[in-house]
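Since the structure comes first, as structure tokens, the remarks are kept for the end.
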Amino acid sequence: MATSYHCPSYNKYATQYVTPAPQSDVTSQWSDTNSTTNLSETTSETISLTRSEIERLIHEDKERDRRHCDKWKQWAREQDAEDRLAFAVENARKEEDRCRLEALVDRQTWEYEKLKLEADRDRRVCLRKLKADEKWEAERQRREADRRGKGGSRTNPSRNDHPSREHTTRYVTGTSGRRLPYTPLSDEALIGIAKESEKRSRTSSRERYVVLHSYQMNIADSN
């Protein structure tokens, strides 16, 4: 349908059209086309604005997600660095403990070996001393047996082998801290000492008898 627009200032003269009116079919087709084109342009502008807004929002969301991901990546890197540092510290501590334990074991092993060597050395020294004592004692007993054999029946074997004398001799030599040379008296010397002692004892008895007899005689004379 044709639409005509009347200009108010020209009503008294004639009817005027703003847009020349084409033929009915052409006009109708043109008017419909024009109206559709205007609506399409308006709709396109509305859709274009909406899409730009959506794109802006999407872009903002992407930027926000990207920043969020960057933060998470940064946090993950920091955590990874902290984990590596903690792992390195833990490994260093374990290595230090292992080295300290190895040093302790080595020191204890060294001390044990040292004590073992000292104990073996002391044991060997004691064995040598014991063998020397046994050898010396055997030699002494052999010399004593030789002297008894040479002395014959004049000596008393029980006197030479008296345990108290042997014990005294061992005790004296033991307290000196070192072995002193000792030469026992011969059987002849011992017999001579015994005879001299007996002679002195007899002489003393005779002298006491003489003195007592003289004293008694003096008392008798005085009476």
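Taking the UniProt record's numbering, the leading residue of the sequence shown gets 1, the next gets one more, and so forth.
For glycine and all other residues, C-beta sits at the position ideal for the given N, C-alpha and C.
- Rounded C-alpha distance that separates D80 from D120: 59 angstroms
- Message: Just to confirm before moving on: does the CB-CB distance between R147 and D187 stay below 8 angstroms?
- Response: Against a cut-off of 8 angstroms, the Cβ pair of D187 and R147 comes out as a contact.
- Query: How many Å lie between K129 and L117 at the Cα?
  - Reply: The alpha-carbon of K129 is positioned some 18 angstroms away from that of L117.
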